[in-house]
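Working notes for the structure below.
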Amino acid sequence: MTTELMGFLRPDGRWGFRDHTLVVPVHSALCEIAVDVADSAPGDVVALRHEWDSPRGHADQARVLAALLGFATHPNVGATLILGIGDEVELFGRALADAEKPHRIVRLDRAGTFDGLETAAKDALAELLVEKVPAVRRPAPLSALCLGLECGSSDAFSGITANPALGVASDGLVESGGTSILAEITELLGAEHLLAKRAVTDEVAQQIIEVVARFEKDVARIGVDLLGSQPAPGNIAGGLTTIEEKSMGAARKGGTGPISGVVEYAERPPGPGLYIMDTPGQDIEQMVAMVAGGAQIVAFTTGLGTPTGSPIAPCLKISSNSDVAQRLPELIDLDAGTILTGTPIEELGQRILEELIEVASGRLTKAESRGNHEFALSFIRPTGR
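For the sequence shown, full-length UniProt numbering gives the first residue as 1, with consecutive numbering after it.
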């Protein structure tokens, strides 16, 4: 198996495996303009849509900005256009300058009107596309890859086929000096003591216990019946019975190797290794967090099937059973259900890693081909001021 990827070396030293031009509206009122601007341009230009209206001092402000900044400066993005209301965009300008990423910033307070903003944004994007240097793929080491690990619409087979096979791929990546992110704290409940035993230090072990305990406390504070909402109806229909059973299967995506640390929502891991990220269990919100934290590719296991993708990161779909792979071939990239008929988990895991290398080197996933560009910010407190 080749372990050489073909990617784009960015000025900040990180490797990208796609070369999108991204339009980022900092305020929700500008999202439709952002989409219109992106749609008007030739080439691979995508825009984000979200619900954030930029209230200053809101408890989630830092969390939201971390996600938007992570996308704006992401190595899978070759150039970025920022749309804002006023001086809230200056933070983005500094971050993009630090990353040496080609960018433009268009502000409503300077454009004067929404129509003026859209015209200015289209002009700025045209300039940016001329300025953007055509990216050329070059050999990159496997250690350049940061992989997001995700599962959604899980079934009773997920924990014995797709998830452990993905764990084998994750272990192989980490052993080669790469990085993996295991998230969805909702789906680690009941498995935290097992994960803590794999921590590289006692301090990291305590962080693992604490991040799960913090989640349970937050859920209790707002009065959510966690046991009544998990497993979800789709999980139950797929054969899962308890949240602990779901968690034990979900945790297997992270393999069996050491856990290097715990990072916050959308935070970039400080080095190679396997990291746990504090995210909710909702598929799109979790994927956004991992990509904002630097994941260039997401490996997504599913038992029932899901079309979810990312605006800037390839999403490789792995089915836990052959039935869903046969029923939804337009969604599934790889069938791990063959484990049930004799394929060794280790062999399937190596195949996943090979697929990830091919995707990193330019092969499109089903979600990319379908144009699935889902994006959602995560709010942990009421959005009202």
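Virtual Cβ for every residue (Gly too), placed ideally from N, Cα, C.
Nearest-angstrom Cβ-Cβ length linking residue i and residue j, presumed shorter than 8 Å
{"i": "residue 442", "j": "Ala165", "result": "Because residue 442 is not part of the residues shown, which for the chain are 1 to 385, the question remains open."}
{"i": "Glu210", "j": "Ala66", "result": "No, Glu210 and Ala66 are not in contact; Cβ-Cβ is about 20 Å, not under 8 Å."}
{"i": "Ser378", "j": "Pro280", "result": "6 Å"}
{"i": "Ser319", "j": "Ala313", "result": "Going by Cβ atoms, the distance from Ser319 to Ala313 rounds to 20 Å, so no, they are not a contact pair."}
{"i": "Val174", "j": "Gly273", "result": "6 Å"}
{"i": "Val298", "j": "Pro258", "result": "Actually they are not in contact, since the Cβ atoms of Val298 and Pro258 sit about 22 Å apart, beyond 8 Å."}
{"i": "Asp278", "j": "Val291", "result": "No, Asp278 and Val291 are not in contact; Cβ-Cβ is about 15 Å, not under 8 Å."}
{"i": "Leu48", "j": "Phe71", "result": "7 Å"}
{"i": "Gly305", "j": "Phe157", "result": "Rounded, the Cβ-Cβ distance is 13 Å, inconsistent with contact."}
{"i": "Val37", "j": "Ala121", "result": "5 Å"}
Simplified DSSP state of residue i, which is helix, strand or coil
{"i": "Ile276", "result": "strand"}
{"i": "Ser260", "result": "strand"}
{"i": "Ala199", "result": "strand"}
{"i": "Ser180", "result": "strand"}
{"i": "Leu48", "result": "coil"}
{"i": "Leu142", "result": "helix"}
{"i": "Glu4", "result": "strand"}
{"i": "Gly148", "result": "strand"}
{"i": "Asp155", "result": "coil"}
{"i": "Gly305", "result": "coil"}
{"i": "Thr383", "result": "Note on Thr383: pLDDT 46, under 50, position unreliable in the model; no value is reported."}
{"i": "Glu374", "result": "coil"}
{"i": "Ile160", "result": "coil"}
{"i": "Lys122", "result": "helix"}
{"i": "Arg252", "result": "helix"}
{"i": "Leu353", "result": "helix"}
{"i": "Ala191", "result": "coil"}
{"i": "Lys132", "result": "coil"}
{"i": "Ile208", "result": "helix"}
{"i": "Thr343", "result": "coil"}
{"i": "Arg268", "result": "coil"}
{"i": "Gly223", "result": "coil"}
Interface flag, residue i vs chain B, CB-CB below 8 Å
{"i": "Gly249", "result": "This model lacks chain B altogether; it includes just one protein chain."}
Element boundaries [beta strand (DSSP E), containing residue i]
{"i": "Ile297", "result": "297–302"}
{"i": "residue 387", "result": "In this structure the chain extends from 1 to 385, so residue 387 is not present and cannot be described."}
Enclosing alpha helix (DSSP H) for residue i [first to last residue]
{"i": "Val291", "result": "283–292"}
{"i": "Asp333", "result": "Counting along the chain, Asp333 falls outside any alpha helix (DSSP H), and DSSP gives it neither H nor E."}
{"i": "Ser361", "result": "Segment: none, Ser361 is in no alpha helix (DSSP H) and carries neither H nor E."}
{"i": "Arg137", "result": "Per DSSP, Arg137 belongs to no alpha helix (DSSP H) and is neither H nor E."}
Minimum length 3: unbroken beta strand (DSSP E) runs contained in the region 10–44
20–25
Unbroken alpha helix (DSSP H) runs of length 4 or more, entirely within the region 51–115: which are they?
61–72, 90–98, 108–111
Flag this pair as touching only if the region 148–156 and the region 15–28 have three or more C-beta atom pairs under 8 Å; answer yes or no.
Pairwise C-beta distances place the region 148–156 out of contact with the region 15–28, as fewer than three of them are shorter than 8 Å.
For the region 80–93 against the region 25–35, are there 3 or more C-beta pairs whose distance is under 8 Å?
yes
Mind the definition here: the region 299–316 touches the region 368–377 only if three or more C-beta pairs lie below 8 Å; say whether that holds.
yes
Are three or more beta carbon pairs between the region 351–363 and the region 182–190 nearer than 8 Å?
Taking 8 Å as the limit for Cβ pairs, the verdict is that the region 182–190 does not touch the region 351–363.
Are there three or more Cβ pairs, one per stretch, closer than 8 Å when the region 128–140 is compared with the region 97–104?
Taking 8 Å as the limit for Cβ pairs, the verdict is that the region 97–104 does touch the region 128–140.
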